[in-house]
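K.L.:
Residue numbers (my numbering), protein chains in the order written: chain B, -6 to 209; chain P, 2 to 256. I'd like to ask some things about the structure below.
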Amino acid sequence: MEISVMLAKLAGGMAVSIQIFVLTLVFSLPLGLVVAFGRMSKNGILRAIVKTYISIMRGTPLMLQLMVVYFGPHYLLGIKVGSSYRIWATMIGFVINYAAYFAEIYRSGIQSMPVGQYEAAQLLGYSKIQTFFRIILPQVIKRILPSVTNEVITLVKDTSLAFTIGVGEMFTTAKALASSQVSMIPFVAAGLFYYIFNLVVAVAMDQTEKKLSYYQ
Amino acid sequence: MNLLEMNRVKKSFGGLEVIHDISLQVGEGEIVSIIGPSGSGKSTLLRCATMLETMDSGELVYLGEQAAWNDKNGRTVYGDSQTLKKIRQNYGLVFQNFNLFPHFSVLKNIMDAPLTVQKRNKAEVRETAMELLRKMGLEDKADAYPCQLSGGQQQRVAIARALALNPKILFFDEPTSALDPELTGEVLKVIKSLADLHIAMVIVTHEMAFARDISDRVIFMADGVIVEEGTPEEVFASSNERTQSFLGRYGEMLK
Ligand SMILES: Nc1ncnc2c1ncn2[C@@H]1O[C@H](COP(=O)(O)OP(=O)(O)OP(=O)(O)O)[C@@H](O)[C@H]1O
Ligand SMILES: [Mg+2]
């Protein structure tokens, strides 16, 4: 097989990895906020449920969670799933896992806000929703950005876990090519890809942090 | 009609009553200072008046409209959120530690609530905000962020922010006690200059000379009760033992 063909296949895997990365962030960041609200809810039952969910997500390997999401419908419920379910299972697994991590980050950020900000907003007549979205959340985002950056960088590497349920992302493709072509090139290419991907993410997050450094 | 009426207010924290049956009225344009030793309940009283704290018993009335009243067991019940929202528009509060919004510029700190809460016209609000900044001597700081200002400047922004909503009554909880001594003067001067806006002011302060000069009425609180109230002349020349022993430290300075 020519190198160009090999690279084309790797590029396909790369696209899948990037897709997992982007979609996970797009869905887990907002979902994490919702989960954080559940975790801080006044309703004790809801709080306990959400707490359990978060502790399971953080206390078991993502690899295992992906398998449960993928095989669960068949083994537990006897539902036949097509092969297109692979990518769905991947997305569901990643999103519910990362939402749990982001929820804890949001929660720590929200709880670190001084009560004076809420009181000032209340005195000025802001509604609860206006207070949260105009006054609190923007400051929380600045505070939690370093922790979010850590998670996002972990996510770049975690996308390779999709290989456990046979999704043809970067790592799966590289591994298959390396053994069929008896070549190290796919592994080198994969390594470079993850490295550069992380670099880009780090630079982007750094830029965001700089952009938010206009105050305190 | 009184702007504010608080009738027979009681408030406890964890079983310990810190406000015992206090009543307070504030008339249109009146300037009232509240003085008293630390822990006497001055902040708690202001926080009850501004609904940051809920009263256990007692009534709260703004411009004849009831925000809170007693049920038949003498426990306070509050009005519905729509009523309270409307009533809140009557007053503002200037905090000891400013509580400006750090992510907003000075101008946005002042303009944001009139725009998003009162839905006023942007050009008009900007004009008002710039006018207030001029009054505060801060027109060159409109685009600065709170962290770039001194404490005294931040407090003046906080005053402008409260004034931008056109309150009828403005509460101050020790507006200068978080400031370095050399910055207190500028804030007190600004507060004095508000007297001709005919906004009623209720000021908790440890600045006795200031309280004496600015107030129509001085209230001396101790241990959760109003010990004495009257004109500055009356209170500062009081023969009441507790008042005297509290003012004793300041007496020399005031003569
Ligand atoms: N949130 C609270 N929880 C428990 N106790 C409180 C709370 N707020 C105030 N207290 C207590 O209530 C009493 C009155 O406090 P308050 O802050 O109203 O006094 P103050 O007159 O404003 O004092 P200072 O001059 O020091 O500001 C104090 O004994 C204080 O410890
Ligand atoms: Mg106080």
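Glycine is no exception: its CB is placed at the ideal position from the N, C-alpha and C atoms. Only a predicted model underlies this, so the values are computations on that prediction, with no experimental measurement involved.
1) Would you be able to state if there are at least three C-beta pairs under 8 Å between the segment 57 to 77 of chain P and the segment 133 to 145 of chain P?
2) Using DSSP's beta-bridge definition, name the partner residues of Q67(P).
3) In angstroms with no decimal places, state the Cα-to-Cα distance between S76(B) and Q115(B).
4) If we define contact as Cβ-Cβ less than 8 Å, is G93(P) a contact residue for chain B?
5) Assuming D258(P) is part of the beta strand (DSSP E), what are its boundary residues?
6) Going by DSSP, what residue range makes up the beta strand (DSSP E) through F172(P)?
7) How long is the line joining the alpha carbons of L130(B) and I103(B), rounded to whole angstroms?
8) Suppose the cutoff is 8 Å on Cβ atoms and the five residues either side in sequence are ignored; what does the same chain contact list for I47(B) look like?
9) Which full runs of the alpha helix (DSSP H) of 4+ residues lie inside the segment 16 to 93 of chain B, going along the chain?
10) Quick check for students: name the residue ranges of the beta strand (DSSP E) that lie wholly in the segment 83 to 166 of chain B, counting only runs of 3 or more.
11) Which residues in the same chain as M106(P) place their Cβ atom closer than 8 Å to its Cβ, once the five residues preceding and following it in sequence are excluded?
12) Using the C-alpha atoms, what's the distance from A195(B) back to T166(B)?
13) With a Cβ-Cβ cutoff of 8 Å, do L159(P) and F99(P) count as a contact?
14) CB of G59(P) to nearest heavy atom of ligand 1: below 7 Å?
15) Measure the C-alpha to C-alpha separation of V9(B) and T142(B) and round it to an integer number of angstroms.
16) Please report the straight-line C-alpha distance between S58(P) and S24(P), rounded to a whole angstrom.
17) Report the three-state DSSP secondary structure of A212(P) (helix, strand or coil).
18) Just checking E175(P) against ligand 3 - is the residue's beta carbon closer than 7 Å to any of the ligand's heavy atoms?
19) So, does the CB of I128(B) fall closer than 8 Å to a CB anywhere in chain P?
20) On a Cα-Cα basis, can you pick out the residue from Q58(B), T45(B) and D199(B) that is closest to V145(B)?
21) Select from L46(P), L164(P) and Q119(P) the residue whose C-alpha is nearest the C-alpha of A223(P).
22) Please report how far the alpha carbon of M209(P) lies from the alpha carbon of E6(P), in whole angstroms.
23) What does a CB cutoff of less than 7 Å around F190(B) pick up in its chain, not counting 5 residues either side in sequence?
24) Are the CB atoms of S216(P) and V27(P) within a distance shorter than 8 Å?
25) What do you reckon, is the C-beta of V203(P) under 7 Å from a heavy atom of ligand 2?
26) With ligand 1 as the reference, list in chain order each residue whose Cβ lies under 5 Å from any of its heavy atoms.
27) Going by other Cβ atoms of all chains shown within 10 Å of its Cβ, with 16 needed for buried, is S(-3)(B) buried or exposed?
28) Hey, does Y207(B) have any beta-carbon neighbour from chain P nearer than 8 Å?
29) Buried or exposed, going by whether 16 or more other CB atoms sit within 10 Å of the CB of C49(P)?
30) Is it the case that the Cβ atoms of H21(P) and G153(P) are separated by a distance below 8 Å?
31) Could you pull the start and end residues of the beta strand (DSSP E) that G231(P) belongs to?
32) So for R9(P), helix, strand or coil by DSSP?
33) Residues of chain B with a CB under 7 Å from the CB of C148(P): which are they?
34) Taking Cβ positions only, does Y119(B) come closer than 8 Å to chain P?
35) Mind checking whether A130(P) and M112(P) have CB atoms under 8 Å apart?
36) Suppose contacts are defined by Cβ-Cβ distances below 8 Å. Is F247(P) in contact with D174(P) by that definition?
P.N.:
Taking the coordinates as given:
1) Contact between the segment 133 to 145 of chain P and the segment 57 to 77 of chain P is not established, with fewer than three Cβ pairs separated by less than 8 Å.
2) Taking the second sequence and counting its residues from 1, the one referred to as residue 67(P) is at position 66. Q67(P) pairs with V62(P).
3) Within the first sequence, residue 76(B) is the residue found at index 83, counting from 1. Within the first sequence, residue 115(B) is the residue found at index 122, counting from 1. The C-alpha of S76(B) lies about 53 Å from the C-alpha of Q115(B).
4) Residue numbering aside, residue 93(P) sits at position 92 when the second sequence is read from its first letter. Output row for G93(P): interface = yes.
5) Given a span of 2 to 256 for chain P in the structure shown, any question on residue 258(P) remains unanswerable.
6) Here residue 172(P) refers to the residue found at position 171 of the second sequence. Residues I170 to D174.
7) Translated into positions along the first sequence, residue 130(B) becomes position 137. Translated into positions along the first sequence, residue 103(B) becomes position 110. If I take the Cα positions, the gap works out to 8 Å.
8) Your numbering for residue 47(B) matches position 54 in the first sequence. Same-chain partners within the cutoff: V28, R32, A93, A96 and E97.
9) As far as the segment 16 to 93 of chain B is concerned, its whole alpha helix (DSSP H) runs of at least 4 residues are 37 to 52 and 55 to 70.
10) Taking only runs of at least 3 residues, no beta strand (DSSP E) segment lies wholly in the segment 83 to 166 of chain B.
11) By one-based count along the second sequence, residue 106(P) stands at place 105. One point to set straight first is that residue 106(P) is Ser, not Met, in the sequence displayed. Cβ-Cβ distances below 8 Å link S106(P) to A143, D144, A145 and Y146 in the same chain, with the five nearest sequence neighbours on each side left out; the list follows chain order.
12) Taking the first sequence and counting its residues from 1, one reaches residue 166(B) at position 173. Taking the first sequence and counting its residues from 1, one reaches residue 195(B) at position 202. If you take the alpha carbons of T166(B) and A195(B), they lie about 25 Å apart.
13) Your numbering for residue 159(P) matches position 158 in the second sequence. Your numbering for residue 99(P) matches position 98 in the second sequence. Looking at the sequence provided, one finds Ala at residue 159(P) rather than Leu. Against a cut-off of 8 Å, the Cβ pair of F99(P) and A159(P) comes out as a contact.
14) Residue mapping note: residue 59(P) aligns to position 58 of the second sequence, counting from 1. With a cut-off of 7 Å, the C-beta of G59(P) is classified as distant from ligand 1, since no heavy atom of the ligand falls inside that distance.
15) Here residue 9(B) corresponds to residue number 16 of the first sequence, with the count starting at 1. Here residue 142(B) corresponds to residue number 149 of the first sequence, with the count starting at 1. The alpha-carbon separation between V9(B) and T142(B) amounts to approximately 21 Å.
16) For this step, residue 58(P) is matched to residue 57 along the second sequence. For this step, residue 24(P) is matched to residue 23 along the second sequence. Straight-line Cα distance between these residues: approximately 11 Å.
17) Walking along the second sequence from the start, residue 212(P) turns up at place 211. Helix at A212(P).
18) Among the ligands modelled here, namely ligand 1 and ligand 2, ligand 3 does not occur.
19) Within the first sequence, the letter at position 135 stands for residue 128(B). Judged by the 8 Å Cβ criterion, I128(B) is in contact with chain P.
20) As a first step, residue 145(B) is located in the first sequence; it is residue number 152 there, counting from the start. For V145(B), the nearest C-alpha among the options comes from D199(B).
21) In the second sequence, the residue the question calls residue 223(P) occupies position 222. The candidate whose alpha carbon is nearest that of A223(P) is L46(P).
22) Start at 1 with the first residue of the second sequence, and residue 209(P) comes out as number 208. Start at 1 with the first residue of the second sequence, and residue 6(P) comes out as number 5. Across the structure, M209(P) and E6(P) are spaced so that their CA atoms are roughly 25 Å apart.
23) In the first sequence, the residue the question calls residue 190(B) occupies position 197. If we look at F190(B) and ignore the five residues flanking it on each side, its Cβ neighbours are V149.
24) Taking the second sequence and counting its residues from 1, one reaches residue 27(P) at position 26. Taking the second sequence and counting its residues from 1, one reaches residue 216(P) at position 215. If you check the CB distance, V27(P) and S216(P) do not come in under 8 Å.
25) The count along the second sequence starts at 1 and reaches residue 203(P) at position 202. Result no, Cβ not under 7 Å from ligand 2.
26) That gives F14(P), V19(P), S39(P), G40(P), S41(P), G42(P), K43(P), S44(P) and T45(P).
27) As a first step, residue -3(B) is located in the first sequence; it is residue number 4 there, counting from the start. The residue is exposed, with fewer than 16 neighbouring Cβ atoms inside 10 Å.
28) Locating residue 207(B) in the first sequence gives position 214, where the first residue counts as 1. Taking Cβ atoms only, chain P reaches closer than 8 Å to Y207(B), which makes this a yes.
29) The count along the second sequence starts at 1 and reaches residue 49(P) at position 48. With 16 or more neighbouring CB atoms inside 10 Å of its own CB, C49(P) falls in the buried class.
30) As a working mapping, residue 21(P) is identified with position 20 in the second sequence. As a working mapping, residue 153(P) is identified with position 152 in the second sequence. Contact flag unset, no.
31) Here residue 231(P) corresponds to residue number 230 of the second sequence, with the count starting at 1. Run containing G231(P): V226 to G231, per the beta strand (DSSP E) assignment.
32) In the second sequence, counting from the first residue as 1, residue 9(P) sits at position 8. Three-state DSSP puts R9(P) in a strand.
33) Translated into positions along the second sequence, residue 148(P) becomes position 147. C148(P) reaches chain B at Y208 and Q209, counting residues in chain order whose Cβ is nearer than 7 Å.
34) As a position in the first sequence, residue 119(B) is number 126, starting the count at 1. Closer than 8 Å to some Cβ of chain P, the Cβ of Y119(B) qualifies, so yes.
35) To locate residue 130(P), count along the second sequence from 1; it is residue 129. To locate residue 112(P), count along the second sequence from 1; it is residue 111. At a Cβ-Cβ threshold of 8 Å, A130(P) and M112(P) count as neighbours.
36) Stepping through the second sequence from its first residue, residue 247(P) is reached at position 246. Stepping through the second sequence from its first residue, residue 174(P) is reached at position 173. Between F247(P) and D174(P), the C-beta spacing is not below 8 Å.
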